[in-house]
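Peer 1: Please find one structure pasted underneath; my questions will follow.
Chains as they are written, first to last, in my numbering: chain Z, 163 to 860; chain E, 1471 to 1642.
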């Protein structure tokens, strides 16, 4: 009994969040009017497993809440209830609420009861409200008190307590006819009755007419059925809950006891009126979800804040693991083969040895690749959140926008996936808010009313490219420029290329939005976006055409564990310059060099004068033959948005290097971002280009 | 975990020495004419000196980093650290790889010493407090002194050796 359930919590939460995501994407893909029952089933299953799990772990708040959702979904699934837009919105709100609850529980905080109650009320209102007019088998008792309060959501809240203090005569008549195999499944009716009696006063009537003569009696078959009367104010769902384990093994019928009907009968007229009135409450039950939509961003911010904490584990495709195991098998075989050659080695086996080594090399490389592959996740982990974001924000802004996702299965390193989310959210918000015009403006501009944002991911070289393409109004060069001049960010006289002008939006403190809304301009500027992306070793480009739209392209390395590097020699030492930051390398010639104020040095690259950083000096390299000041190679790099030249002795070669942390056992060193191990086993430091530029300025 | 190991090994040592539970084993090494000891449970391995990759713009006693089976490990010259006279590295020069910190926060670093001399067992009550050495060696590194067959051995506190690196890091 003393199993520590908390060890499973992590898995449970992960599954819950996955389930919630499934529910969310399912709900968003629901096309009102043409309902795909499979989608509803998916949503239902997700809700069901969350309910089950949270029940098991004792998170009764979650279980109780999910139960109501499940009831609603169940009715939709069985076609007893129409899937309406408000209902979907309420369910989406509930998904948020659940996520909030689970996050709180995960962080061992208190669940925000007020917010839960609000969503629960909306949900119950939806559950009760629509069904009230229906002729379905949904018991009347839940809805009988509804007529009066249906008008507004708040009064439904007031209504709740009333329902709780319903008088004794209320209850359920349950006909429970177990199938023959009920006992074989390990269920005991007595236990069910005991549970039922906890809910209220239980009276039972046993029907034994089906019992066969003694000679034919099978002791393991259940031939008895019961008529139960439960006097209690509980909901049908609660009663059903008790039977949930046996519902597949018996015929169950629920009927409310007489009293509620009496309530309904005295006022037959209002009932009809109520049916007419059903429409407004449904419409008015919409505000809660809208509120929840508006509340969504902070919730999401919370979630992403917690993301690093929650994601210390990784789910890996079994296929990948299998590949890995195969690979290891190959390596083991090769190794034993080599061992055999080595055992009685003679020179005539050299060829064999060489082949073996070549094979080992190939297998090792494959092995490395498959291990790296484990860390690769499809970018859909990030993309999947955006349909919801676009849905919420476009509703809020009254814009019509569709989001197209392309290349969601493009794989990228887990670390990149985690860190790219916030910048992308920001960029998409920008596109939604500033990019896409209002429907009227779009029509006026001769564009389709529906705006499109396309989110694309694809591999190019060793990089993943993520593009955000909108067909909105595009960037206005002149406006950007005048704004920049007005803010004193650029000189009026400077002539800038189109690209440079677009780059202006990445400058700190630059915003062209006429007014800040709560959608964009939340303090995370484009400068932060760019910095985040650069810290991942990537870069960001903008292509825009006024009136036609904007494309923002983000280039990111596929992994943060491996880097394409150019090894350079400085004296006897070898350093690695990340290839992404290298623009070009040139041989130095005397006349390219210029002294500035006797100290700083510049060189002329075509028409630009760029500062030189002498690696030998900045790193105090004393070893190796002292090179003359005019010998060596200049590696032109881009760091901190500016170009500069590193003067090194020699270029050695390009290679992929595995990044090792210098801090793990040592400490941070300025100008160095990490270390790697070269082919000969020695350590080479990887240069931190922006850091070096900073260092040289000092 | 390491705590458990530690007690287990200490107990083991105690049994073999037929001494009390208070016996601690130290690895002693020589720097010039001075003899130092480090808790043997902190010693991961002893290696011969091999060229390091220099790290730029760090104190001279931080010789650089080496690749220790895939981990990047800093190498510190204890002679220079304690401002003793420098000597050329010879094939006898050894690097003692020490583990510092505990729990998930362990670090590995190598210290360059002239030679490793002995493993000594020391009773806890034999350890004397460290007197003020004045300039050469900061008291901070020294846990205490112990006399082993007429030789004085200074017992180094490995954790403090590394803590000092960290202090310097924050100053930078």
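Beta carbons: idealized from backbone N, C-alpha and C, even for Gly. Everything numeric in this text was worked out from a predicted model, so none of it was measured.
1. For residue 622(Z), which residues does DSSP report across the bridge?
2. Which one of 622(Z), 273(Z) and 251(Z) has the shortest CA to CA distance from residue 261(Z)?
3. Can you tell me which residues form a DSSP beta bridge with residue 1619(E)?
4. Could you pull the start and end residues of the beta strand (DSSP E) that residue 836(Z) belongs to?
5. For chain E, find out if any of its Cβ atoms is closer than 8 Å to the Cβ of residue 839(Z); answer yes or no.
6. Tell me, to the nearest whole angstrom, how far the beta carbon of residue 816(Z) is from that of residue 727(Z); I am working on the premise that it is less than 8 Å.
7. Taking 8 Å as the CB-CB cut-off, is residue 856(Z) touching chain E?
8. If you count every other CB in all the chains shown that lies within 10 Å of the CB of residue 248(Z), and 16 or more means buried, which is it?
9. Near residue 340(Z), which residues of its chain fall below 6 Å by C-beta distance, leaving aside the five closest residues on each side in sequence?
10. Determine the closest residue to residue 490(Z) out of 837(Z), 510(Z), 533(Z) and 544(Z), with distance taken between C-alpha atoms.
11. Can you tell me whether residue 1557(E) is helix, strand or coil according to DSSP?
12. Determine the direct distance from the alpha carbon of residue 530(Z) to that of residue 242(Z), and round the result to whole angstroms.
13. Does the distance from the CB of residue 289(Z) to the CB of residue 361(Z) come in under 8 Å?
14. Below 8 Å on the Cβ atoms is my guess for residue 1617(E) versus residue 1499(E); work out the distance and round it to an integer in Å.
15. Using DSSP with H/G/I as helix, E/B as strand and the rest coil, what is residue 178(Z)?
16. Is residue 759(Z) helix, strand or coil when you go by DSSP?
17. Name the chain E residues whose beta carbon is nearer than 8 Å to that of residue 781(Z)?
18. Pick from 698(Z), 808(Z), 773(Z) and 401(Z): whose alpha carbon is nearest that of residue 150(Z)?
19. Note down the Cα distance separating residue 748(Z) from residue 795(Z), rounded to an integer number of angstroms.
20. Taking residue 208(Z) as the reference, give the member of 640(Z), 482(Z) and 253(Z) with the closest Cα.
21. Residues of the region 1533–1560 of chain E in Cβ contact with chain Z at a cutoff of 9 Å, in chain order, please.
22. Roughly how many angstroms lie between the CA atoms of residue 774(Z) and residue 1502(E), to the nearest whole one?
23. For residue 488(Z), which three-state DSSP category applies?
24. Taking only three categories from DSSP, how would you classify residue 480(Z)?
25. Out of 1504(E), 1495(E), 1535(E) and 1512(E), state which residue places its alpha-carbon closest to the alpha-carbon of residue 838(Z).
26. Evaluate residue 751(Z) with the Cβ neighbour count: other Cβ atoms within 10 Å of its Cβ, from every protein chain shown; 16 or more gives buried, anything less gives exposed.
27. Between the Cα of residue 346(Z) and those of 359(Z), 358(Z), 381(Z) and 374(Z), spot the shortest distance and give me the residue it belongs to.
28. When DSSP labels each residue in this structure, what does residue 351(Z) get in the three-state scheme?
29. Return the residues of the region 1493–1524 of chain E that lie within a Cβ-Cβ distance of less than 7 Å from chain Z, sorted by chain order.
30. Name the chain E residues that come within less than 8 Å of residue 123(Z), Cβ to Cβ?
31. Comparing C-alpha positions only, which one of 670(Z), 852(Z), 668(Z) and 643(Z) sits nearest to residue 658(Z)?
32. Checking the sheet assignment: what are the DSSP bridge partners for residue 368(Z)?
33. Between the C-alpha atoms of residue 1612(E) and residue 481(Z), what's the straight-line distance to the nearest angstrom?
34. Can you list, in chain order, the residues of its chain whose CB lies under 8 Å from that of residue 299(Z), leaving out five sequence neighbours each side?
35. Which two residues bound the contiguous beta strand (DSSP E) that contains residue 1518(E)?
36. Alpha carbon to alpha carbon, how far is residue 471(Z) from residue 546(Z)?
Peer 2: Answer, in terms of the structure:
1. As a working note, residue 622(Z) is residue 460 in the first chain. 625(Z), per the DSSP bridge assignment.
2. To locate residue 261(Z), count along the first chain from 1; it is residue 99. Closest option to residue 261(Z), Cα to Cα, is 273(Z).
3. The sequence position of residue 1619(E) within the second chain is 149, counting from 1. Residue 1619(E) pairs with nothing; no bridge assigned.
4. Here residue 836(Z) corresponds to residue number 674 of the first chain, with the count starting at 1. Counting along the chain, the beta strand (DSSP E) containing residue 836(Z) begins and ends at 834–839.
5. For the purposes of this step, residue 839(Z) is taken as residue 677 along the first chain, with counting starting at 1. True, the Cβ-Cβ gap to chain E drops below 8 Å.
6. Taking the first chain and counting its residues from 1, one reaches residue 816(Z) at position 654. Taking the first chain and counting its residues from 1, one reaches residue 727(Z) at position 565. The Cβ separation is near 7 Å, so the contact holds.
7. Translated into positions along the first chain, residue 856(Z) becomes position 694. No, residue 856(Z) lies away from the interface with chain E (no Cβ there is under 8 Å from its Cβ).
8. Translated into positions along the first chain, residue 248(Z) becomes position 86. Buried, by the Cβ-count rule.
9. Stepping through the first chain from its first residue, residue 340(Z) is reached at position 178. Same-chain partners within the cutoff: 384 and 412.
10. Taking the first chain and counting its residues from 1, the one referred to as residue 490(Z) is at position 328. Looking at the Cα atoms, 533(Z) is the closest of the given residues.
11. Position 87 of the second chain, counting from 1, holds the residue named residue 1557(E). Residue state, collapsed to three classes: coil.
12. Within the first chain, residue 242(Z) is the residue found at index 80, counting from 1. Within the first chain, residue 530(Z) is the residue found at index 368, counting from 1. In a straight line, the C-alpha of residue 242(Z) is about 55 Å away from that of residue 530(Z).
13. Within the first chain, the letter at position 127 stands for residue 289(Z). Within the first chain, the letter at position 199 stands for residue 361(Z). No; because the gap between Cβ atoms is not below 8 Å, this pair is not in contact.
14. Numbered from 1 along the second chain, position 147 holds the residue referred to as residue 1617(E). Numbered from 1 along the second chain, position 29 holds the residue referred to as residue 1499(E). The Cβ separation is near 17 Å, so there is no contact.
15. For the purposes of this step, residue 178(Z) is taken as residue 16 along the first chain, with counting starting at 1. Of the three classes helix, strand and coil, the one that applies to residue 178(Z) here is helix, per DSSP.
16. Numbered from its first residue, the first chain carries residue 759(Z) at position 597. Reduced to three states, the DSSP call for residue 759(Z) is coil.
17. Position 619 of the first chain, counted from the first residue, corresponds to residue 781(Z). Those are 1526 and 1527, listed as they occur along chain E.
18. Nothing in the structure corresponds to residue 150(Z), since chain Z is present only between 163 and 860.
19. Along the first chain, read from residue 1 onward, the residue named residue 748(Z) stands at position 586. Along the first chain, read from residue 1 onward, the residue named residue 795(Z) stands at position 633. Straight-line Cα distance between these residues: approximately 6 Å.
20. Start at 1 with the first residue of the first chain, and residue 208(Z) comes out as number 46. Comparing Cα positions, the closest option is 253(Z).
21. 1534, 1535, 1536, 1537, 1538, 1540, 1541, 1542, 1543 and 1544
22. The sequence position of residue 774(Z) within the first chain is 612, counting from 1. The sequence position of residue 1502(E) within the second chain is 32, counting from 1. Straight-line Cα distance between these residues: approximately 44 Å.
23. For this step, residue 488(Z) is matched to residue 326 along the first chain. Of the three classes helix, strand and coil, the one that applies to residue 488(Z) here is helix, per DSSP.
24. As a position in the first chain, residue 480(Z) is number 318, starting the count at 1. In this structure, residue 480(Z) counts as helix in the three-state DSSP scheme.
25. Working through the first chain from its first residue, we reach residue 838(Z) at position 676. When only C-alpha atoms are compared, the closest one is 1535(E).
26. On the first chain, position 589 is the one that residue 751(Z) refers to. When all chains shown are included, residue 751(Z) counts as exposed.
27. For the purposes of this step, residue 346(Z) is taken as residue 184 along the first chain, with counting starting at 1. The option with the nearest alpha carbon to residue 346(Z) is 381(Z).
28. Numbered from its first residue, the first chain carries residue 351(Z) at position 189. Residue 351(Z): helix per DSSP, three-state reduction.
29. 1523 and 1524
30. Any property of residue 123(Z) remains undetermined from this structure, which presents chain Z solely from 163 to 860.
31. By 1-based counting over the first chain, the position of residue 658(Z) is 496. Comparing Cα positions, the closest option is 643(Z).
32. On the first chain, residue 368(Z) is found 206 positions in, with the first residue counted as 1. Its beta-bridge partners are 388(Z).
33. Reading the second chain from its first residue, position 142 is the one you call residue 1612(E). Reading the first chain from its first residue, position 319 is the one you call residue 481(Z). One C-alpha to the other measures close to 55 Å.
34. Within the first chain, residue 299(Z) is the residue found at index 137, counting from 1. For residue 299(Z), the pLDDT reaches just 37, beneath the cut-off of 50, and the residue's location in the model is therefore unreliable, although a value from the coordinates is still provided. Cβ within range, chain order: 242.
35. Residue numbering aside, residue 1518(E) sits at position 48 when the second chain is read from its first letter. Residue 1518(E) -> beta strand (DSSP E) spans 1513–1518.
36. The residue given as residue 471(Z) occupies position 309 in the first chain. The residue given as residue 546(Z) occupies position 384 in the first chain. Confidence at residue 471(Z) is low in this model, with a pLDDT of 40, below 50, so its placement is unreliable and the value that follows should be read with caution. Roughly 20 Å between the two C-alpha positions.
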